[in-house]
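FYI, the numbering for the sequence shown is 3 to 554, going by the working numbering. Working notes, structure below.
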Amino acid sequence: MKSFKPDSIQELKGPISKNSALTVARPPAAHRPLPSPTISPQREFKSFSHLLDGFEHQSRRYTSDRVEFLLLLLAAEMDTVPENILQRFFVAANCSTLDKSLENLIEFARTSDGRSDLASKNMLTTTLNLCQSLSYPSCGGTLLLALKLIRNLCAGEPRNQNSFIEQNGVNIVADIISAKELVKDSNYGMIRMGLQVLANVSLAGREHQIVVWKRVYSTEFVEIAKIRRKETCDPLCMIVYACVEENHELLDQLCSDHALPLLVEIVYTALAVPLEEDWLRLILTKACIEESYFTPVFSKLQHETSDRNSPEMHTYTQAQSFLLSILSEMVNEQIEHITLSNVFALDVFNILKTTLGVLNCVSRPESTLPTSFPDINVLGYSLCILRDICAFDGHMDIVDSLLSLGLIQTLIDLLRDLEPPSIIRKTLNRAENQDSTTYSGKLCPYKGFRSDIVAVIGNCAYKRKQVQDEIRDRNGILLMLQQCVTDDENPFLREWGIWGVRNLLEGNLENQKVVSDLEIQGSVNLSELTTLGLRVDVDQQTRRAKLVNTTG
């Protein structure tokens, strides 16, 4: 697994190994320095001299008595740092001021040799002791430097990571970043730095992860998760993933009633401010796709803070739609590399059926996924997930379970209830002008809906004779032939339709006979197929039917 390399980030690529050296990441560009924390100049000062400079620039705003009082206050704060701690920093950094010493050591600890050297001098313990001697906000700048040094020291250096656990570093750092006044001040830089410390320590192994998790598994960190900032959410997600990746017990705890609010708030934050790293996607893949926690997470997102005065009532929420969009992406991108849970697939199918029961579109679709309607998005992402599950040979048992629960019947009925594709509607409209007939059917809720249905059916029919037979028994062959046309509202409908018909006919003599019975010899343009711009030809040598598209 990657970790926070001192002062740089890089993008996560592929599976993560707990033995990898540390660095956390940002998209593929080169390494860049971490963003400087935003600290109010009126509340925090890096050093005594910084404070004097601040007063010099703002002297008109303070009386001399006020200035003297604040100077004495800061001096008193700095006096709380024991002399032996100060001297250790001065000697290690060959410097005479604390802040400058910290800055020098931070730079020194950016290399593995530097971290190793400082580990031999036990500077990790000294820095933890310094943190306990400093208070916020008066020494906020120095405290931030101390956390930054600890972060660098724990970047892949086992001795420092072990010392951090032994010296109660988890609680020391957690107390700092979960302090109410820090969260209230929105000091994201300090919180981010502390989270990066815990992230680097959590990469050291199972024992370290258990200690870190005991503190993360608390209501304090739920408050941190509520901070709608990617700067704090990304490292928090890294901690959570490191802890649950190979520890099923900790994953159980994360998805329990006690800790699930932590994951839910992280999802809300990602919905509000798109994250830069992949940690949340990996957490959700582990919990929802590979394990059986999809329904608890999905249900917990049912009640979100929204505009209760809105006249539009939805069965599902934006957060639930967002969750399914992430899971759909992961199934599509990683289907060959993840172990799919049977529970997840069946739960998604149940959501699909529930959504179909409440959805009633009254206008033509204006966009592809995602739309502005959560219910439509949930329906669409459910279809996409089922499409990709049924496309992978490694999930034969899961597909069989879906088929046994009526997947094909649901999709055939759904497809039959839709109005015809646009090219067929135009033909029917011309006929209506002649004989006053009418045609009714449900509208597609989003652009691509029909294509997604046909894709699932086509994937299920691939080398599955029982599916081929079921579609024939449900009079679905001609229905599938009707999908082999271009349609403005359904990109790639023709391609998916031809793929589906091919799979229906391949190796199935009964289905081939149904199509070949549409003509006696050579080819015949039956009215239904002619309307579709199609022709069925019979190969003179094999006597097998083949579909020809005459629309170009």
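Think of the CB as a built atom: it goes at the ideal place given N, C-alpha and C, for glycine as much as any other residue.
- Nearest in C-alpha terms to K449, of all of G478, P493, E247 and Q484, is P493.
- A distance below 8 Å separates the beta carbons of I425 and V487.
- Rounded to whole angstroms, the gap between the alpha carbons of F91 and L151 is 12 Å.
- Under the three-state reduction of DSSP, K444 is assigned to strand.
- As the crow flies, the alpha-carbon of L354 is around 7 Å from that of L385.
- Checking the DSSP bridge columns, you'll see L145 has no partner listed.
- Beta-bridge analysis with DSSP links L420 to K444.
- In this structure, the CA atom of T127 is about 14 Å from the CA atom of N154.
- Bounds of the alpha helix (DSSP H) holding A227 are T221 to A227.
- Straight-line spacing of the CA atoms in W215 and T144 works out to 27 Å.
- In this model, I212 and S406 are separated by some 42 Å (Cα to Cα).
- Taking a C-beta distance under 8 Å as the contact criterion, L262 and V246 do not qualify as a contact pair.
- Note on T319: 16 or more other CB atoms within 10 angstroms of its CB, so buried under the neighbour-count rule.
- P376 is classed as buried because its beta carbon has at least 16 other beta carbons within 10 Å across all chains shown.
- With respect to A227, T271 sits close: the two C-beta atoms are nearer than 8 Å.
- Counted as a single uninterrupted DSSP element, the alpha helix (DSSP H) harbouring L88 occupies residues E85 to A95.
- For E472 and D519, the gap between their C-alpha atoms comes out near 19 Å.
- For A94, the closest alpha carbon among the candidates T113, W498, F351 and T129 is that of T129.
- Residue state for F394 is assigned as coil, using DSSP reduced to three classes.
- Taking S327 as the centre and dropping the five residues before and after it, the same chain places the C-beta of Y383 closer than 6 Å to its C-beta, in chain order.
- In this structure, the straight-line span from the alpha carbon of C97 to that of K232 is close to 36 Å.
- Per the C-alpha coordinates, the member of E279, C156 and L252 positioned closest to L205 is C156.
- Between I291 and S343, the CB-CB gap stays under 8 Å.
- Here the alpha carbon of R366 sits roughly 15 Å from the alpha carbon of S453.
- Fully contained in the segment 96-155 are the following alpha helix (DSSP H) runs of length 4 or more, in chain order: 100-110, 114-122, 125-135 and 142-155.
- Membership of D177 in the alpha helix (DSSP H) is indicated by the continuous run G171 to I179.
- Looking only at L325, L284 and Y295, the smallest Cα-Cα distance to A274 is reached by L325.
- Of the candidates T357, D415, R466 and V364, the residue whose Cα lies closest to the Cα of F394 is R466.
- For Y464, the secondary structure class from DSSP, reduced to helix, strand or coil, is coil.
- Its Cα nearest to that of I241, the residue D280 stands out among A148, R230 and D280.
- Less than 8 Å separates the beta-carbon of E293 from that of L253.
- Annotation for L88: L100 place their beta carbon closer than 7 Å to its own, counting only its chain and skipping 5 residues before and after.
- Taking a C-beta distance under 8 Å as the contact criterion, V269 and L303 qualify as a contact pair.
- Under a 10 Å Cβ-count criterion, G359 is classified as exposed, with fewer than 16 other Cβ atoms of the shown protein chains found around its own Cβ.
- The distance from the Cβ of M125 to that of L107 is about 7 Å, consistent with a contact at the 8 Å cut-off.
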